[in-house]
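4 protein chains.
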Amino acid sequence: MIIVMKPNATPENVEHVVKKLHKYGLEAHLSQGKQVTIIGVIGEKSVLANKNMELLAGVDKLVPVTESYKLVNRKFSDKNTTVKIGGVEIGGDNFTIIAGPCAIESEEQIFEAAKQLKEGGVSILRGGAFKPRTSPYSFQGLGEEGLKYMQKAAKEYNMLTVSEVTSVYALNIASKYLDIIQIGARNMQNYELLKEVGKTHKPVFLKRGLSATVDEWLNAAEYIIRENNSKVILCERGIRTFETSTRNTLDISAIPVVKAKSHLPIFVDPSHASGVRGYITALARAAVAVGSDGIMVEVHPNPDQALSDGAQSLTPAEFIELRNQIKPIVDIMGRKLC
Amino acid sequence: MIIVMKPNATPENVEHVVKKLHKYGLEAHLSQGKQVTIIGVIGEKSVLANKNMELLAGVDKLVPVTESYKLVNRKFSDKNTTVKIGGVEIGGDNFTIIAGPCAIESEEQIFEAAKQLKEGGVSILRGGAFKPRTSPYSFQGLGEEGLKYMQKAAKEYNMLTVSEVTSVYALNIASKYLDIIQIGARNMQNYELLKEVGKTHKPVFLKRGLSATVDEWLNAAEYIIRENNSKVILCERGIRTFETSTRNTLDISAIPVVKAKSHLPIFVDPSHASGVRGYITALARAAVAVGSDGIMVEVHPNPDQALSDGAQSLTPAEFIELRNQIKPIVDIMGRKLC
Amino acid sequence: MIIVMKPNATPENVEHVVKKLHKYGLEAHLSQGKQVTIIGVIGEKSVLANKNMELLAGVDKLVPVTESYKLVNRKFSDKNTTVKIGGVEIGGDNFTIIAGPCAIESEEQIFEAAKQLKEGGVSILRGGAFKPRTSPYSFQGLGEEGLKYMQKAAKEYNMLTVSEVTSVYALNIASKYLDIIQIGARNMQNYELLKEVGKTHKPVFLKRGLSATVDEWLNAAEYIIRENNSKVILCERGIRTFETSTRNTLDISAIPVVKAKSHLPIFVDPSHASGVRGYITALARAAVAVGSDGIMVEVHPNPDQALSDGAQSLTPAEFIELRNQIKPIVDIMGRKLC
Amino acid sequence: MIIVMKPNATPENVEHVVKKLHKYGLEAHLSQGKQVTIIGVIGEKSVLANKNMELLAGVDKLVPVTESYKLVNRKFSDKNTTVKIGGVEIGGDNFTIIAGPCAIESEEQIFEAAKQLKEGGVSILRGGAFKPRTSPYSFQGLGEEGLKYMQKAAKEYNMLTVSEVTSVYALNIASKYLDIIQIGARNMQNYELLKEVGKTHKPVFLKRGLSATVDEWLNAAEYIIRENNSKVILCERGIRTFETSTRNTLDISAIPVVKAKSHLPIFVDPSHASGVRGYITALARAAVAVGSDGIMVEVHPNPDQALSDGAQSLTPAEFIELRNQIKPIVDIMGRKLC
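Below you can see the structure in the form of structure tokens.
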């Protein structure tokens, strides 16, 4: 932590700040510049969290030098975290595809999807049961019933499952049926939900918020891991910008940034990022090449009859084409497609 | 709803779309342009919500012509909604100040704040008990204990209270103590919470999400009102942009936009919008002049000892100065300051 | 300037940085923290501009402590700058309205506009002659011919004139006819043009770029003032965000921010900021109340026949209404409307 | 073009709009919906450009159905455009690397860079001579002198050259020395410069503006091509968003979007997009995989002595590593690296 004094700060102002720091058990190193004086703070800066040092007379601003997250910080682990679920390992040398329809619509539909995706080499099935929808008049999901269908289908085809929960209530229900719990973009800063999902000790698939910085996202992961649940998988799914030719703007740079700042595995969701079927395969190739650990992609047996997000769902045939296109890039990246 | 066909769409494509529309009980009006054919859809467009018309062969895009929210829509009410709570009326000819500390820190602190604000003419007291904080290592609020203190202080000084809830769990506790329930920016799209707060039938203070469009915000209000709770007060509190000299960017235009699109009252929160004490009074003046129905502002008996957001809290003396500065503008706007 | 070292930086790394600083005539003050070492740099930091200190081994990042602009900096002038043009003074106690059509369309049109605006108390006339248009197929302005018409009209009605230049070529022509030269949002970082307009020593009306930070904007002003032309008037006209219900997002906070960081006068353009006629008057009131020094507003004798931006142009009658609405707020702010 | 009427529009309002359309030689097709009436406009919509139809009584809004750019539109050319310069062809089956230092600093430096890059298989050399810098106190480039050095170096090593021009003045000088003229992000909407560079008939490397939509970018290209210069190469270099962990946000989706909307070749500049050396190679791999036609990357013989953007410049050794990493992906994409 650095405290920058105002140009017109008096020696008394500086002395007062230094005394305060000493009072809190911290050391102060002064640099008297030509225009301003800078005070380097040495010690456990968290003791300053609620001290409002910026309000002391003569203080211009505080400049944090280290990150506020700890357990997710790359500095705490040179080794990349991998998440093991059943026989599947996410991260490390694996490149994992998670696929399935946006929403579970019926037992028949999710069985059909599971069958086709299993044939396409997918071992983790996605499907929404609790849907967060902008308009209250849109289809809101089948809830518990849908999760039962998906669990049944996954058992039949020997797959794992992931689905979003939007409340503690939904979490309590969903935990019984799912292998991986997804926290969606709209709930990335729903801190109560993050704490509760941390306590389940189930693997968590944490999507980035629509307008969350990478630092806020890593702090959200910190909420989960602090509950002794280190099985967190991050997923970049596009951020909100001024550009309207895609639904969101895929922040592809976030992958190397996260790899530099954290040890957690990170996925890309090209379906929600673009919102347009025709762009998904190109973005999936980029996701592999940039170094992500997997993709989550929407596939529907009959996109034109989908109850949600049909326009961004691939057909099973288009999914096979996507898989064929990314396979050789996965190989080059020294990864195993699974 | 308008369906725009692709330039190379065949007559068969167009015919197929028209047949689909007829099947759903809708009428189709064709305009064959030089480059493209346009199909105007007539009837209740909500039947198309899950039909994925954009996936039919030859279709380029769908263009919605009307909004997806109904009950909050200006078209459904020429009259501005006012919200009555005890003897206080929000909206209409009143300009209302809600003030108090960011967080309730102790019984003494909230009593001190209430006393000073009451003397300053404020009749609605704010104070956070369940704090959503980016870092899990920051002060998280006193919870129920804090609400008890605030209720006691409000009773002593004959004030109403408002505080944020961050989960259904917090809502169930908070409902016992509060006159107005606040939904914060991070939970604006926490739809489960919106539905539950709708069912309480208590007045709801709904802040705009950090990156929510006005349309998404009005749709969030629709979730609440659909539960037969029409007592919704909107609050603009800054959106996320590239500019960093303020904490957020106050979207002052949102006030006339909301007034044009909806009949709900709308407030401005200049404290969170700017994050800098020195800018708050200027923004409060602008909030009055632009036509909002009130402001929510952070005031702390001793900002330099605040456990949360001290840097954006006014002192009681600064608050009185703010009140003095906005009073004549409130008068000019033909409003009553309360 | 502060240099933050990496957690794993060696004592040799630190020593190497310190030696470099000494070599450049600077002093270094070390603060050895628990996690990282911080080096405070003392002396004229501009000598480091091209030294790439961030590439030295062990360096994590550089943190600037002071701004890069000088002449426009509030620190260099406690007194607010006013710009005198003919008998008119911009800034100080005056609140100035600049008004006129988006584009000069004919001699008749600009005379009609001038006449009506003069009657409405306006003394500075605007009108575009060189129009920057997104599409090359839109009306591009009358060029020099238009400026001649406007000069003639201004002479007839004893007004001053302002118009945008989009190139050095246009500047050379326009200088002959105009009292104030406008640099538009799209050219705010056209540095060659900024230098040239600085050399004219004419008053410059500098609009903020669509996605320029306040710091970049003040640096743009610095380019002009460095050429010994201190007559710069800033104008906030909306920034680009994700919100689409207005053409741009008026950053109303920029006015107190600029007032804190600089001594230059600052205007608001509610017409371009909103792009919607119905919102302009509300935003003009806010512009007065927030403390700006004036507004620039589009008024057209017949908006429905305007060749450019008709939808955001006020009729003369609407302009009078705007003037009547802002007048009492201007009075309260202790300003003189002119 | 579609004209959407307001819900309360009268039959007379509709009739008046229809009459206007007929007057302009256009046809009108009416769709009377439950809530609103929609008017499809048939004919050459450009005649409406300056007619302000949105101001007619009862009109709610105009919805454009087709794009405003023509010559760059994919609809006008099924075939991808390639740009031939000397023996080099950009686009088609080639994946082209343009590399060199941010700024030309001396004859020695540019010769050293050219030598190393030629050995690394690069045939197009970049180097800045006219530098647009945010602060007037930063290094502004060597101007014509620099271009002479680069031309000499390129001749020696049999390379082509590209450099940015920031004004018509710079363009006139630079045309004598360069094979490709670059228009930078800050000048993407400097329309006078676009027209002039169009008239040179030299290949143009057009970077996307910091906050330009894809449609605005394609309209900028239209300005150039309208001057009978179809040799335009687009370059995505990051857009401005709220995220600060990278200098800009690389909009990787813009590549498939541009490929769908236009026939022009498109490059990626991972150096400016990220601003951080450690992320460039990962982004370059993504650029290849997503389907772009080439990359522009900053390489400096000694980045730690660079006068501009050293922190984002690769060393020659890092460049070779980048080349080695993208080569196999270029192969998989069916392209030839050159």
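Protein chains in written order, with our numbering: chain A, 1 to 338; chain B, 339 to 676; chain C, 677 to 1014; chain D, 1015 to 1352. Every residue, glycine too, gets a C-beta built ideally from N, C-alpha and C. Every value quoted in this text rests on a predicted model; they were computed, and no experiment measured them.
>> Any beta carbon from chain C within less than 7 Å of Ile376 of chain B's own beta carbon?
In response: Here residue 376 of chain B refers to the residue found at position 38 when the second sequence is read from its first residue. So, not an interface residue.
> So which residues of chain G does Thr246 of chain A contact, with C-beta pairs closer than 8 Å?
Replying inline: Among the chains of the structure shown, chain G does not appear; the protein chains present are A, B, C and D.
> Looking at the C-beta of Arg1251 of chain D, does it have a partner C-beta in chain A at a distance below 7 Å?
Replying inline: What you label residue 1251 of chain D is simply residue 237 of the fourth sequence in a count that begins at 1. Between Arg1251 of chain D and chain A, the shortest Cβ-Cβ separation is not below 7 Å.
> At a Cβ threshold of 7 Å, is Ala283 of chain B touching chain C?
Replying inline: One cannot answer for residue 283 of chain B here, as it falls past the ends of chain B, which runs 339 to 676.
> Under the rule that 16 or more other beta-carbon atoms within 10 Å means buried, what is Asn324 of chain A, buried or exposed?
Replying inline: By 1-based counting over the first sequence, the position of residue 324 of chain A is 324. The residue in question, Asn324 of chain A, is exposed, as its Cβ has fewer than 16 Cβ neighbours within 10 Å.
> Mapping DSSP to helix, strand and coil, what is Ala437 of chain B?
Replying inline: Taking the second sequence and counting its residues from 1, one reaches residue 437 of chain B at position 99. The answer is strand: DSSP assigns Ala437 of chain B an E or B state.
> Who are the near neighbours of Ser887 of chain C in its chain, counting only those whose CB is closer than 8 Å to its CB and skipping five residues on each side?
Replying inline: Residue 887 of chain C sits at position 211 when you count from the first residue of the third sequence. Setting aside the 5 residues that flank it on each side, Ser887 of chain C is surrounded in the same chain by Ile915 and Arg916, each with a C-beta closer than 8 Å to its C-beta; the list follows chain order.
> What residues in its chain sit with their C-beta under 7 Å from that of Asn895 of chain C, if we drop five residues either side in the sequence?
Replying inline: Looking up residue 895 of chain C in the third sequence gives position 219. Result list for Asn895 of chain C: Ser744 and Tyr745, in chain order.
> Which of the three DSSP states, helix, strand or coil, is assigned to Gln858 of chain C?
Replying inline: Position 182 of the third sequence, counting from 1, holds the residue named residue 858 of chain C. Strand, per DSSP.
>> Once DSSP output is grouped into helix, strand and coil, what is the label at Thr1096 of chain D?
In response: As a working note, residue 1096 of chain D is residue 82 in the fourth sequence. Three-state result, Thr1096 of chain D: coil.
> Helix, strand or coil: how does DSSP classify Asp1107 of chain D here?
Replying inline: Here residue 1107 of chain D refers to the residue found at position 93 of the fourth sequence. Asp1107 of chain D falls in the coil class under three-state DSSP.
> Going along the chain, which residues of its own chain have a beta-carbon closer than 8 Å to the beta-carbon of Gly1223 of chain D, five neighbours each way excluded?
Replying inline: Walking along the fourth sequence from the start, residue 1223 of chain D turns up at place 209. Sequence-distant Cβ neighbours of Gly1223 of chain D in its own chain, meaning closer than 8 Å and more than five residues away, are Ala1199, Arg1200, Met1202, Gln1203, Glu1230, Trp1231 and Ala1234.
> Contact check, Ile1056 of chain D vs Glu1068 of chain D under 8 Å by CB: the rounded distance?
Replying inline: Here the question's residue 1056 of chain D lines up with position 42 in the fourth sequence. Here the question's residue 1068 of chain D lines up with position 54 in the fourth sequence. Taking a contact as a CB-CB distance under 8 Å, the pair Ile1056 of chain D and Glu1068 of chain D does not count as one, their CB atoms being some 18 Å apart.
> Which partner residues does Leu675 of chain B have in the DSSP bridge list?
Replying inline: Translated into the one-based positions of the second sequence, residue 675 of chain B becomes position 337. DSSP lists B:Phe433 as partners of Leu675 of chain B.
>> Rounding to the nearest angstrom, what Cα-Cα distance links Ala1274 of chain D and Cys102 of chain A in this structure?
In response: Within the fourth sequence, the letter at position 260 stands for residue 1274 of chain D. Within the first sequence, the letter at position 102 stands for residue 102 of chain A. C-alpha separation (whole angstroms): 25 Å.
>> Strictly under 7 Å for the Cβ-Cβ distance: is Ile380 of chain B near chain D by that measure?
In response: Start at 1 with the first residue of the second sequence, and residue 380 of chain B comes out as number 42. Interface annotation, Ile380 of chain B: in contact with chain D, CB-CB separation under 7 Å.
> Can you find at least 3 beta carbon pairs, one from the stretch 347-361 of chain B and one from the stretch 320-335 of chain A, that sit closer than 8 Å?
Replying inline: No contact exists between the stretch 347-361 of chain B and the stretch 320-335 of chain A.
> At which residues does the alpha helix (DSSP H) containing Glu1029 of chain D begin and terminate?
Replying inline: Taking the first residue of the fourth sequence as 1, we reach residue 1029 of chain D at position 15. Going by DSSP, Glu1029 of chain D is part of the alpha helix (DSSP H) stretching over Pro1025 to Lys1037.
> Hey, does His884 of chain C have any beta-carbon neighbour from chain D nearer than 7 Å?
Replying inline: Reading the third sequence from its first residue, position 208 is the one you call residue 884 of chain C. The sequence as given places Arg at residue 884 of chain C; His does not occur at that position. For Arg884 of chain C, not one C-beta of chain D is nearer than 7 Å to its own C-beta.
> If you count every other CB in all the chains shown that lies within 10 Å of the CB of Ser384 of chain B, and 16 or more means buried, which is it?
Replying inline: Residue numbering aside, residue 384 of chain B sits at position 46 when the second sequence is read from its first letter. Exposed: under 16 other Cβ atoms inside 10 Å.
>> Do Leu1131 of chain D and Ala1113 of chain D count as a contact pair if the criterion is CB distance below 7 Å?
In response: Numbered from its first residue, the fourth sequence carries residue 1113 of chain D at position 99. Numbered from its first residue, the fourth sequence carries residue 1131 of chain D at position 117. For Ala1113 of chain D and Leu1131 of chain D, yes; Cβs fall inside 7 Å.
>> Under DSSP, the beta strand (DSSP E) around Glu446 of chain B begins and ends at which residues?
In response: Residue 446 of chain B sits at position 108 when you count from the first residue of the second sequence. It is not in any beta strand (DSSP E) - Glu446 of chain B instead sits in the alpha helix (DSSP H) that spans Glu445 to Glu457.
> Which first and last residues belong to the alpha helix (DSSP H) in which Lys1410 of chain D is found?
Replying inline: Shown here, chain D extends from 1015 to 1352; a query on residue 1410 of chain D therefore has no answer.
> Which same chain residues, not among the five before or five after Ala491 of chain B, have their C-beta less than 6 Å away from its C-beta?
Replying inline: Translated into the one-based positions of the second sequence, residue 491 of chain B becomes position 153. Residues of the same chain with a CB within less than 6 Å of the CB of Ala491 of chain B, apart from the 5 flanking positions on each side, are Ile448, Phe449 and Ala452 in chain order.
> chain C partners of Thr1180 of chain D, CB-CB under 8 Å?
Replying inline: Here the question's residue 1180 of chain D lines up with position 166 in the fourth sequence. Chain C residues near Thr1180 of chain D: Asn866, Tyr867 and Glu868.
> Where does Asp431 of chain B land, buried or exposed, given buried means 16+ other C-beta within 10 angstroms?
Replying inline: As a position in the second sequence, residue 431 of chain B is number 93, starting the count at 1. Looking at its Cβ environment, which holds fewer than 16 other Cβ atoms inside 10 Å, Asp431 of chain B is exposed.
>> I want to know whether the stretch 1316-1330 of chain D touches the stretch 294-306 of chain A - three or more CB-CB distances under 8 Å.
In response: Verdict: no, contact absent.
> Buried or exposed: where does Asn8 of chain A fall if 16 or more other Cβ atoms within 10 Å of its Cβ makes it buried?
Replying inline: Here residue 8 of chain A corresponds to residue number 8 of the first sequence, with the count starting at 1. Result: exposed.
> What does Pro1021 of chain D touch in chain B if you count any residue whose Cβ is under 9 Å from its own?
Replying inline: The residue labelled residue 1021 of chain D in the question sits at position 7 within the fourth sequence. Near Pro1021 of chain D (Cβ distances below 9 Å), the residues of chain B are Thr404 and Lys413.
>> Which same chain residues end up closer than 6 Å to Met150 of chain A when comparing Cβ atoms and leaving out the 5 residues on each side of it in sequence?
In response: Translated into the one-based positions of the first sequence, residue 150 of chain A becomes position 150. Cβ-Cβ distances below 6 Å link Met150 of chain A to Ile104, Ile110, Gly127 and Thr161 in the same chain, with the five nearest sequence neighbours on each side left out; the list follows chain order.
> Does the count of Cβ pairs from the stretch 193-210 of chain A and the stretch 513-521 of chain B closer than 8 Å reach three?
Replying inline: Contact fails between the stretch 193-210 of chain A and the stretch 513-521 of chain B, because fewer than three Cβ pairs, one in each stretch, are under 8 Å apart.
>> If I measure Cβ to Cβ from Tyr617 of chain B and keep anything under 8 Å in the same chain, skipping five residues before and after, which residues do I get?
In response: Counting from one through the second sequence, the residue named residue 617 of chain B turns up at place 279. Correct list, in chain order: Thr584 and Pro608.
> Unbroken beta strand (DSSP E) runs of length 3 or more, entirely within the stretch 252-334 of chain A: which are they?
Replying inline: Counting only runs of 3 or more, we get 266-268 and 294-298.
> Roughly how many angstroms separate the alpha carbons of Ser1288 of chain D and Tyr1183 of chain D, rounded to a whole number?
Replying inline: For the purposes of this step, residue 1288 of chain D is taken as residue 274 along the fourth sequence, with counting starting at 1. For the purposes of this step, residue 1183 of chain D is taken as residue 169 along the fourth sequence, with counting starting at 1. When the Cα atoms are used, Ser1288 of chain D and Tyr1183 of chain D turn out to be separated by approximately 31 Å.
> Any idea if Phe1090 of chain D is buried or exposed, counting beta-carbon neighbours within 10 angstroms, 16 or more meaning buried?
Replying inline: Working through the fourth sequence from its first residue, we reach residue 1090 of chain D at position 76. The C-beta of Phe1090 of chain D has fewer than 16 other C-beta atoms within 10 Å across all chains shown, which makes the residue exposed.
> So the alpha helix (DSSP H) Glu530 of chain B belongs to, where does it begin and stop?
Replying inline: In the second sequence, the residue the question calls residue 530 of chain B occupies position 192. Annotation for Glu530 of chain B: the continuous alpha helix (DSSP H) segment containing it runs Tyr529 to Thr538.
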